[in-house]
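S.K.: For the first sequence, the positions run 49 to 449 when my numbering is used.
This structure is in structure tokens; I'll ask about it shortly.
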Amino acid sequence: MPEQAAASTHLPPQNHLGDLQNALLDWFAANQRRLPWRVNYTPYEVWISEVMLQQTQMERGVSYFNRWMQRFPDIATLAAASEEDVLRQWEGLGYYSRARHILTAARKIMAEHGGVFPSELEAIRGLPGVGPYTAGAVASIAFGEKLPCVDANVERVIARIFDVDSPVKQNPAAGIIHRWALRLVPDGRSREHNQAMMELGALVCGKKPRCAECPLARFCISLHLGITDQRPVPGKRATITPVNAVTGVLRCGNRIFVQKRPPAGVWGNLWEFPGGRVEPDESPEQATVREFMEETGFAVRVAAQHGIIRHGYTTYRLTLHCFGLEFDSADAPDSQITPPQPPLLSAATEARWVTPQDLDALAMPAAHRKLADKLFAIGKDSAVAANTAAPRQANLPLKKP
DNA sequence: TAGTCGTGGCA
DNA sequence: TTGCCAAGACT
């Protein structure tokens, strides 16, 4: 069985290209979702939305975006904010370097671009956290530059329409897709076109394509060949490793011990309860006591079982055993006095003893936030705490207009 | 270039 | 329950 012919041999006549562009634009005009960043198309809003939506589902992005714009309505306000505040707004979205990069970029815009978002592609690309995709997206969607945006949606749409028969993330497929993406952008309509390509990928040409509803069905080579389920060709899969870990909530009086993770690595600059992996031949309780000693120098003992939290990641599946802890009797301080600072801090840059209410202001990894909510939820809806928290879940209705 | 970096939804 | 994966960038 011969391989499918290379995509380049399937070039449709030029007039078909125009038909395809028009069919897509018409479909988008009638079917696009109403989204908050599709109102004014300011560069700031387009930028933030694009970064928020990286590796993130639309429905979740919308509620975070609205809250973000309330809190940081413009670049100057954002640039003046603390990283702590920015991370707290980002909490739950994951990939926290995106938030740190956004803050750094905002300050760079204030310092080097007079507080005005740059319109030149090279300057946009020079902002931290802005890669080829985001630069193209902002330049085309906010400034109308004739550039393609190639994200996973667009890769999928193009791979199906033009029957790209090798893994889309690698060459030669990546190059073929880029050339098609560029060729497809119509003059003067790049804003609508690029969003339309992504919207089509999100609403119609998804993992399970709904070809009966697709405005581009008559142009689609893989549909005609009956192989839409084989496009795009997937790349190498990551293996998911199960990880058994522990964490402990050390309490002293009404205070709780938390530490701030280092800037580099996973959950950079987020606050957490100390903990770590369970070693072979070690019980979760033993692991917790050992980790506390290694990370803080505190001698603790298990005082309560707080159950198990399961949390999935791209490459790990975490089973987190959670415990309530108290100081081991030997060095137990008087609970009425201020708890002691840790003798050492090997896995963090800062430590604090906080009240349950204080936890609300700290950005924490999702699994630790789940635990905190479980332990300290009582009283949470009572006025005080209710407000600064980032949205814990996004369930904005996204009806078509 | 191949890992790393989160999270929640979905089948 | 498990695997897959969504508007990527950085190292």
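For glycine and all other residues, C-beta sits at the position ideal for the given N, C-alpha and C.
A quick note: this is a predicted structure, and the numbers were derived from the prediction, not measured.
Between leucine 169 and alanine 190, is the Cβ-Cβ spacing less than 7 Å?
M.R.: Going by C-beta atoms, leucine 169 is not nearer than 7 Å to alanine 190.
S.K.: Sorted by chain position, which residues of the same chain lie with C-beta nearer than 7 Å to valine 326's C-beta, five sequence neighbours on each side aside?
M.R.: Only Asn292, Ala293, Val294, Pro332, Ala335 meet the Cβ criterion.
S.K.: Taking the continuous beta strand (DSSP E) assigned at glutamate 398, which residues delimit it?
M.R.: Where glutamate 398 is concerned, the enclosing beta strand (DSSP E) stretches over 398–402.
S.K.: Which parts of the segment 211–283 are runs of the alpha helix (DSSP H), unbroken and 4 residues or longer, counting only runs that do not cross its ends?
M.R.: Correct list: 221–232, 238–251, 269–273.
S.K.: If you follow the beta strand (DSSP E) that glutamate 374 is part of, which residue opens it and which one closes it?
M.R.: Element bounds for glutamate 374: 364–375.
S.K.: Excluding the 5 residues flanking histidine 64 on each side, which residues of the same chain have their C-beta closer than 7 Å to its C-beta?
M.R.: Same-chain partners within the cutoff: Phe267.
S.K.: From what residue to what residue does the beta strand (DSSP E) around valine 348 run?
M.R.: Counting along the chain, the beta strand (DSSP E) containing valine 348 begins and ends at 348–360.
S.K.: Just tell me which of Pro310, His241, Ile209 has its CA closest to the CA of proline 196.
M.R.: That would be His241, whose Cα lies nearest to the Cα of proline 196.
S.K.: Could you tell me which residues DSSP puts in a beta bridge with phenylalanine 120?
M.R.: BP columns for phenylalanine 120 are empty, so no partner.
S.K.: Quick check: what's the CA-CA separation for glycine 427 versus threonine 104?
M.R.: With a pLDDT of only 46 at glycine 427, under 50, the local geometry of the prediction cannot be trusted, and no value is derived from it.
S.K.: Of all the options Gly360, Arg204, Gly236, which has the alpha carbon lying nearest to the alpha carbon of lysine 255?
M.R.: The candidate whose alpha carbon is nearest that of lysine 255 is Arg204.
S.K.: Do the CB positions of alanine 415 and leucine 318 come within less than 7 Å of each other?
M.R.: No, they are not a contact pair.
S.K.: Does DSSP put lysine 422 in a helix, in a strand, or in coil?
M.R.: It is helical.
S.K.: Pop quiz: isoleucine 150 and valine 99 are said to be a contact at Cβ under 8 Å. What is the actual Cβ separation, rounded to whole angstroms?
M.R.: Yes, isoleucine 150 and valine 99 are in contact; Cβ-Cβ is about 6 Å, under 8 Å.
S.K.: Is it buried or exposed for valine 314, if we count other Cβ within 10 angstroms and need 16 for buried?
M.R.: With fewer than 16 Cβ atoms within 10 Å of its Cβ, valine 314 is classed as exposed.
S.K.: Using CA atoms only, rank isn't needed, just tell me which of Arg208, Gly301, Gly162 is closest to serine 270.
M.R.: Selected option, being the one with the closest Cα: Arg208.
S.K.: Between the segment 244–252 and the segment 75–89, do three or more beta carbon pairs fall short of 8 Å?
M.R.: Yes, they touch.
S.K.: When you compare each of Thr152, Ala183, Pro328, Val233 to serine 167 by their alpha carbons, which one comes out closest?
M.R.: It is Ala183.
S.K.: Thinking arginine 365 and isoleucine 288 are a contact (beta carbons under 8 Å), I'd like their distance in whole angstroms, please.
M.R.: Their Cβ separation, rounded to whole angstroms, is 6 Å, which keeps arginine 365 and isoleucine 288 in contact under 8 Å.
S.K.: For the alpha helix (DSSP H) holding valine 164, just list the boundary residues, first then last.
M.R.: Unbroken run through valine 164: none, as it is neither H nor E.
S.K.: Is it buried or exposed for aspartate 213, if we count other Cβ within 10 angstroms and need 16 for buried?
M.R.: Classification for aspartate 213: buried.
S.K.: I need the boundaries of the alpha helix (DSSP H) containing glutamine 292, first residue and last residue.
M.R.: Note on residue identity: the sequence assigns asparagine, not glutamine, to residue 292. Here asparagine 292 belongs to no alpha helix (DSSP H); instead the beta strand (DSSP E) covers 289–300.
S.K.: With contact counted as at least three CB pairs below 8 Å, one residue from each stretch, are the segment 122–130 and the segment 389–396 in contact?
M.R.: In short, these stretches do not touch, since the Cβ pair count stays below three.
S.K.: Could you tell me the distance, in whole angstroms, from the CA atom of glutamine 102 to the CA atom of glutamate 343?
M.R.: The alpha-carbon atoms of glutamine 102 and glutamate 343 are separated by roughly 33 Å.
S.K.: Taking the beta strand (DSSP E) that valine 87 falls in, what are its first and last residues?
M.R.: Counting along the chain, valine 87 falls outside any beta strand (DSSP E), and DSSP gives it neither H nor E.
S.K.: Quick check: the Cα distance between arginine 239 and proline 310, rounded to an integer number of angstroms?
M.R.: If I take the Cα positions, the gap works out to 39 Å.
S.K.: What are the boundary residues of the alpha helix (DSSP H) that valine 205 is part of?
M.R.: It spans 200–209 - the alpha helix (DSSP H) in which valine 205 sits, taken as one unbroken run.
S.K.: Looking only at C-alpha atoms, which of Phe375, Pro91, Glu93 sits nearest to glycine 296?
M.R.: Comparing Cα-Cα distances from glycine 296 to each of Phe375, Pro91, Glu93, the minimum goes to Phe375.
S.K.: Measure from the alpha carbon of alanine 399 to the alpha carbon of each residue in Arg303, Leu368, Gly192, Gln118, then state which is nearest.
M.R.: Minimum Cα distance to alanine 399 is reached at Arg303.
S.K.: Just to check my reading of the structure: proline 413 and glutamate 320 have Cβ atoms closer than 8 Å, yes? What is that Cβ distance to the nearest angstrom?
M.R.: Right, the Cβ-Cβ distance comes to about 6 Å (below 8 Å), so this counts as a contact.
S.K.: Assuming contact is defined by CB atoms lying nearer than 7 Å, are proline 387 and cysteine 300 in contact in what I supplied?
M.R.: In this structure, cysteine 300 lies closer than 7 Å to proline 387 by Cβ.
S.K.: Nearest by alpha-carbon distance to lysine 217: which of Lys284, Tyr112, Met117, Arg146 is it?
M.R.: The candidate whose alpha carbon is nearest that of lysine 217 is Lys284.
S.K.: I'd like the span of the beta strand (DSSP E) that includes phenylalanine 321, first residue to last.
M.R.: That residue, phenylalanine 321, is in no beta strand (DSSP E); it is neither H nor E in DSSP.
S.K.: Could you work out which residue in Gly192, Trp85, Arg231, Gly372 is closest to leucine 68 when comparing CA atoms only?
M.R.: Per the Cα distances, Arg231.
S.K.: DSSP three-state call for proline 50: helix, strand or coil?
M.R.: Residue placement at proline 50 is flagged as unreliable, the pLDDT there being 31, under the threshold of 50; the coordinate-derived value follows with that caveat. Coil, per DSSP.
S.K.: Glycine 316 and tyrosine 144: beta carbons closer than 7 Å?
M.R.: Contact flag set, yes.
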